[in-house]
Amino acid sequence: RRLQLAENIPPTENDTWLHFTKWNGVLSASNHDIRKTYHFVRKPETTEADLERVLQVWDRIVNRCLDTLGDVDNVDILKWLQSPRQEEPASRPFRLPQAGYTLVKYGGLWHHFLCYVFRTAPDDEWEESTETGVWYTLKQRKSIRRIQGLLQSSSDDRHDEFIKPEERDAKLTEELMGFCLMVVRQDLEREKVYQSPLMHFLAVMGIDAAAGTLRGAFAYTPTLAAVLWINRLLMLEMAVSLKGWRGLKIPAKEDISSVKDCIDMIRQKYLCLSSYTPTSSILSQLAMGRKLNKAYGRPPNIYWADEDTIVYRGMPIPLAKLQLLAKGVIAEAEEALDELTFGGPLPNIDLSLIADPLISTSDSCKSRYSLFHNESIQKLKTLDLMLERSVNAPKDQRLYERGPNGAINYNDRNVKNYLAKEKRGLRKLMVAMQVASGQPARKPELGSIKIRASVYSVQNIQVINGRMAIITEYDKSRSIQGVSHYVVRFLPDQLGQVLMKYIAYIDPFARPLPMDRRSDEFLFSGPSGPWTGIEGTEALIEATNKYLGVRLTWGAWRQVAIGFKDWLLYKEMKVFKEEEKGDDDKDDEEEFESMELNTLSHVMDRQSAHSSRTARAHYTVDSNFLSGLRLALIHAYETASLAWHNMLGVGLAKDTGLKGSKHKRSVSDVLCADENKKTRPRRTQSSQKVIKEGDDIDIAEKIQTGLTKLFGLQGAPRSTGQAEALQVILRRLKTSVVVLPTDGGKSLLYMLLAILSSSGTVIVVVPYVELLDHLLARATKQGLDCVQWHYNQMDWASHQLVLVSADLAVTELFIEYAGQLKTLKHVFFDEAHCAYTETTFRERLTKLWRLRYLEAPTTFLTATLPKALEGTLFNCMLLSKLHTVIYRQPTWWKTIQYEVVDSKGALTTDIVGGMVQKLSAGFVTGQRGTVYVRSYQAGRCLHEKLQKAGFHVPFYKAVADDKSEIFKAWAEGSRGWIIATGALGTGLDVAGVTHVIHLDRPYGMTNFVQQTGRGGRGGIIGHSTVVVNLKVIGSEDRSAVLSRDSVDAIKEEALTMYLKTTGCRREVISAYMDGLSDVDAGSCESIDGVWCDYCMKAFQCDPPQLLGLAVAKEEPSGSQMIAERFQIIGRELDAVMRVLGKLGRRCVYCEVVFRGTAMDDGHEYPNCQKALADERGADFASWRQWRKRLRLPEDEYSHCWRCRLPQSICLAMVEADADCAYPDIVLPVIFLLVKHGRLDSKLQDEFGYQGKSDTDFMTWLGREEVCFNGKETLINKIF
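Numbering of the sequence shown is given in this note's numbering, commencing with residue 35 and proceeding in unit increments.
Structure (C-alpha cells):
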C-alpha cells in the first residue's frame, strides 16, 4: 500500500519537482504498485528471445545512425541540431559523448524503452487499455503488431548460419525504425504529454525501485539528457541519412536537394521548444531539473569533523592517514621499481643536469623522442647497465638462455613474469602520481601521459627547474569549448626519481621484449591503447583500503582531495589574505603576492579538472591565462604542487610555496599555523560524538522514568532479563551484544532510550520489511517521533527514532546521513544474526560492517546467537572481543512443547494436512497456527491439498506481491492457519500463535528457534512440531555443508542432533544456543517447563548474567577496526604477490614438493621429469585432468578463469587483450599439496573441511564463501 500513489499530490507535499512532473497522476493509473510497474522496463529474461532480438535490431539502427553522424562534417548542421531554440544555433555542435561507455548507456536506455513497449502493448491493436496506463496511438499499435508478426514469421531462420542477421532482419529493422521515429515525432498539440509512450516510459524511469520512492531532479536529469541525445541522433538520420531508408521513404543524403532546408524543417518541427513533441517536453523537464539542481544542489559528500579530519560519506579520513597514504604509495612504487632492476636500487639521477625540454629542439620534436634520449641520460649508459644486470641475474630471473645450438633465446616464462611485475609496478606508479602530484586528474588525462613523442604530439613528461613534471590537457575543457588548457603537475622528488629511473632504465629495456604488446608512446597502456583508469582503480582501492581504511574509487578520491584542498589550502590562504588587510600602504610586492594567491587557488582547481566557477562559482584570473604555458603559469602550478606535497608530508623543507611575502610565509607555514588562532575557521565537532549523560542520575530511576512515559504509571520491565538488558544499554557502552529470547522485549531497549532522548536520535537497523513496518506503527502508537529513512533522504531534522532497512543501511548515502546527524545518540542492529545467516542470498548484508563507521554506542540485538557463532558475528561486524560486552539470557522457553513426528516414509504433506484439519476443529477465537515449508513447491502442494479439503489456508512467500495483505489478514483475523516460507514474521509479535509446524527439516537450528519462537507468547502454551522422515536425516546431500566451521554446517549439525536425540530436546537447544554443557543445559524438568515428547514418555539454567570483560580504557573505534582489517588484507595481498612472483619464475612442482630446495635448471612444470616420475600421479597431465573435474562458481567475471585470482591481482579480466599474468600456479599448488598429503590436517583444522571423498573435495573447493566485504573462493583462501 505504501507503494501505491494517489492521483493527486497531497497538499503537504512541497516537492517542486514532483509538482512539475505530475508523476503521481501518471503512475497512479497503473494496475500495479510502483515497484511492479518499474519491473516492466527490465532487460529481457532468458525466455524472451524475441525481445532480445528486438534489442539487437535496435543496436544495428544505432550503428547506422552513428555512421550518418560520422559522415556529417559540417559543423553548422550539428550546431543547429543541438540547439533547442528556433532562432539561433547552439554554441557547441552535436557530437559523440566523450566516453565510450556513455554512448553504451544512452543506447541502453532505449533498450529499456523497447522492453517496456513490447511488454505493455495490448495484444489487440484495437485495444487501448494497458496494465501500466501507458497509451499508444492506433498507428503505433499497428506498427507494434507488424513487428511482432515479423518476429514470428522469421523465427525459423534465426539459426540459419548462411543468412546474415542484418539480411534476415532487414524488414524488421525498417519497421522498428519506423516505430521509433513515430514515437519521437508524435504530435502532442491536442493530447496530454503522458499520452506519449516515450514520456510515460520516462515517468516510470523516475521510480527508484530499490528505495520504493520517486527520483529527485538531481538523479533524474541524466536520464532526460540520454533520451534527448538519442532523439537528436534519430532525427539526424531522418534528415541526412547516409544510406537512406527505402521502405520508410527516407532518401539518402546524396538525393536531398537542400540539406539546409531539410535540417531546418525537421529540427523546428520535432526538436525545439514549443514544438509540441516528446522532445519539447523533455527539454522543458530538463530545464526545470537543471534549475532545481542549481538552486538546491545536492548535500555535500564531505564535511569536516575537526581541524584535521575530513568525513567522506560518513567515513572519517584524518590528514595523518592521508599523509601515510602518500608516503605508502610512493614507497610501494619505489619498491616495485627495484624488483625490475635485477640487483637492488638504481643510482639516483641528478635532474638539475637535464636541460629544460620546454625549449623545443630539433631532436625533442622528432617522433619517438623521450627523456631517455636526452644527452645527460645517454651519458649514464642506463640501458647498458640494465643489460649487464640481466645477464648476471640469478638463473630463475634471467630473460635470456642459451639453446642447444648455442644461440641465445628469450626465456618466455621469465619474460612473461617480468612484464607482469612491470605492469603491476606501473599500476602502483599510476596511483602514486594520482595521489602525490597535486590535485588529482580525471582518468582520461592521466592515461594520456606520453613517455615518447608520436606523429601527433610531443611527449608530455618534462623536467622543469630540476623537478619531474607531467603536462596534460584539460580534456573536459577541450571537449566542451574546443580550447586546450594545459595542466602541470610536479612530482615530489622521491616520486620524480622513480619516474625518471623508469624512463631511463626500465622502459628502454622492457619495451623491446618480444611479449610486450603495449601501445608504444603512452606511459600507461595496454594492447588496446592507453589505460582508461579501470586498471589504476583497483590499485587505488587497494591502497586506500590499506592506508586509509576507506574504500575510495577514482572519483571518490578526487572528491576527497578537492575537499582537503578547499579547506586546508584555500581557507588558510584566505586567512593569510585577511592578515594583510591591516596594512594601509601596500607596496608592489604585496600586490604581487595577492595575485599569486589568486592564481594558486585557480590552478589547483585546474589540476583537479574543473573550473573555479564549478568549484566556487567565480573566476579569479582570466581563463585565457591557462591556454598557454607561460613562465608565470608554470610558477603557479609549481607552487600549487609544492603546497600539496607539503600538506601530504612528501615535500622538502626547502619548498616554501609562496615567495616574496613580506612576512616570508609559505603555504606550508600556513598549514602549520597555530591551531589556536581566532581567525582560523573551525567546524563543529563530528555528530558522531557520544552525547554524555549526567553521572549523578541513577540508572534504575531513568529506566522507570522511561517506562512511565511509554506505558504510564504501571509500566514495568517484562522480565528480569529485560530489566538487566536495559541497564546494559543505559551504561552507554561503546559496543554491546544483547541476547534475549524471542518475546523477550528487545524493542523496548531502543524505544526506552529514544523516549529518554528529548534532543537525541536513536537509529535502528532492521533486516526485514514487515518488521520495519510493524516497529514504525508500534513506535508511533507509543508516542515516539519515529520515521523511516528512505534512499536519497538527506533531511537532518531531529527525530527520536529513525528506522532503516539493513539493505539501505550499508549504502554510502545512509552512512553519510547518519554521520552528519548532530544528535546521534545510539545505533541498534535488530536481528543481528542476519549479518551471517542471510548473506548468501542478500549480498548487501556482507557490507554491514560499514555501520562501524558511526562512532556512536552500538548495540547488536538478537534472540539467536549460538555460543559457537559469537566469533562469526564479531568477525562480520569487526567487534573487539576485549571491549565488547555480551549480555545473554538463556534461550529456553518454558511454555513451548517440542515434538518430532517421524513420517516413516509417508508423504509429509499428507501428515501435516491432516494435523492442520484436526487441530483447526479445536481452535477458539484468537488462536493461530503456522506451517513452515522449505520450498515454494512444498507450500503450494500443501495449500492445494487443504483447499481441496475445504480449508482456506493462505500461502505467504517472499516474492508475493500481496504478502503484506496476507500477513495482516492472518495476524489480525479471528483465527486460523498460514503456510509460510522462512520469510514470515521474524521479530514480529503476533498474539495467539499456539502451534508451529515444520513440514520437513527446517533450515538449521538458528532458524528453527526463531520460527518456533513465534508461538508460546504471553504465557500461553505453544506447540512446536517437526514432521520429517528420520530415516534420511544425516544422509542428505552434504555438498552444502562440507565445511565443518561454516555457519550452515554448525546450524545443520545442531539441528540433526535435535531431531535424532534420544534425550530431552530442550537440552540440545540449550547446549547449542547458550553454549552450556550437558550438565548445565536446561532440561524440561530442571527449568520446570512444558515437557517435550521425550520427557513426556520418560517422565521424566544458570541465572542470567552479564558476560564479557570490563571495557578497556583505550577501546578502538569502529573506523580503527575497519582500517586494521583492511591493513591485514593488504599485508596478505603483498604476501600473495611475493609468492606468485617466486613461483612464476620456477617449476611449480619442484618448488612445492621439494620446498624450494631443488636445483633450478630452467624447466617448467609441464616438462618436469621429477613430476613424471612421481608415483602419486602429480604430473602436469594429471593436474589438467583434475582441473577439468573442478566446478567453479557461475560468476566467472569476478576471477580470471585460468589462474582463479581476483581482478585486483590478475588484469586478464580488466584488459580485453591482456593475458593471464599467473597461469597454472594457484590451482597446481593446491593439487600438489593434496596429492602429497600436506593439506589434510590444514583443511580440517583451519578450513573446517569434513568431506570424505575426492568428489566431496572437488565440490567443496569450487564453492564461494561469504567473507569480509563480499565473497571469496575457497581456492583463494587456501592459497
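The beta-carbon is built from N, C-alpha and C at its ideal position, and this holds for glycine as well.
Straight-line CA distance for residue i to residue j?
| i | j | result |
| --- | --- | --- |
| D936 | T896 | 31 Å |
| R1223 | F1188 | 26 Å |
| I111 | E121 | 14 Å |
| T50 | A251 | 9 Å |
| G683 | L676 | 10 Å |
| C1098 | V1124 | 12 Å |
| L1295 | L1177 | 21 Å |
| D418 | V1260 | 36 Å |
| R1048 | A902 | 24 Å |
| W169 | I1103 | 59 Å |
| W1011 | Q761 | 39 Å |
| R461 | P542 | 18 Å |
| T1293 | I1264 | 14 Å |
| S230 | T102 | 27 Å |
| S1287 | L184 | 55 Å |
| I1055 | H146 | 54 Å |
| L1033 | G984 | 20 Å |
Let me check understanding here. Comparing Cα to Cα, which of the options lies closest to residue i?
| i | options | result |
| --- | --- | --- |
| P1036 | T1028, Q1045, H1029 | Q1045 |
| V521 | A475, P1200, A286, L353 | A475 |
| N499 | A1014, I1162, T1028, I388 | I388 |
| L326 | S230, H53, W1220 | H53 |
| L148 | A890, L787, M233, L858 | M233 |
| F524 | S401, Q493, A674 | A674 |
| G437 | H1197, K881, N65 | H1197 |
| G29 | D1034, P751, L1033, V1027 | Outside the shown range of the chain, which is 35 to 1313, sits residue 29, and nothing can be said about it. |
| Q186 | E162, R126, E82 | E82 |
| D1258 | Q931, W1220, T1289, G1271 | W1220 |
| W926 | A1157, K139, Y1106, K355 | Y1106 |
Per DSSP, which one or two residues make a beta bridge with residue i?
| i | result |
| --- | --- |
| E435 | N443 |
| Y1037 | Beta-bridge pairing links Y1037 to no other residue. |
| P564 | S559 |
| V521 | T506 |
| I789 | In DSSP, I789 forms no bridge with anything. |
| I344 | W338, I351 |
| Y851 | For Y851, which the question treats as bridged, DSSP gives no partner whatsoever. |
| V796 | L835, H860 |
| W1011 | G963 |
Contact check, residue i vs residue j under 8 Å by CB: the rounded distance?
| i | j | result |
| --- | --- | --- |
| S309 | Q302 | 7 Å |
| T154 | T164 | 5 Å |
| N382 | Q531 | 6 Å |
| L744 | I797 | Not a contact, Cβ separation roughly 19 Å. |
| K455 | E373 | 6 Å |
| L858 | A890 | 5 Å |
| L767 | Q923 | L767 to Q923, Cβ: 17 Å. No contact. |
| L1325 | T769 | A question about residue 1325 goes unanswered here, because the residues of the chain that appear run from 35 up to 1313. |
Quick one, are the C-beta atoms of residue i and residue j less than 8 Å apart?
| i | j | result |
| --- | --- | --- |
| I849 | Y887 | yes |
| M272 | I264 | no |
| G1038 | E1086 | yes |
| S482 | P564 | yes |
| T136 | L222 | no |
| L115 | F128 | yes |
| V218 | M269 | yes |
| V1061 | T942 | yes |
Quick check on residue i - is its C-beta less than 8 Å from some C-beta in chain D?
| i | result |
| --- | --- |
| G348 | In summary, chain D is missing from the structure at hand, where a single protein chain is found. |
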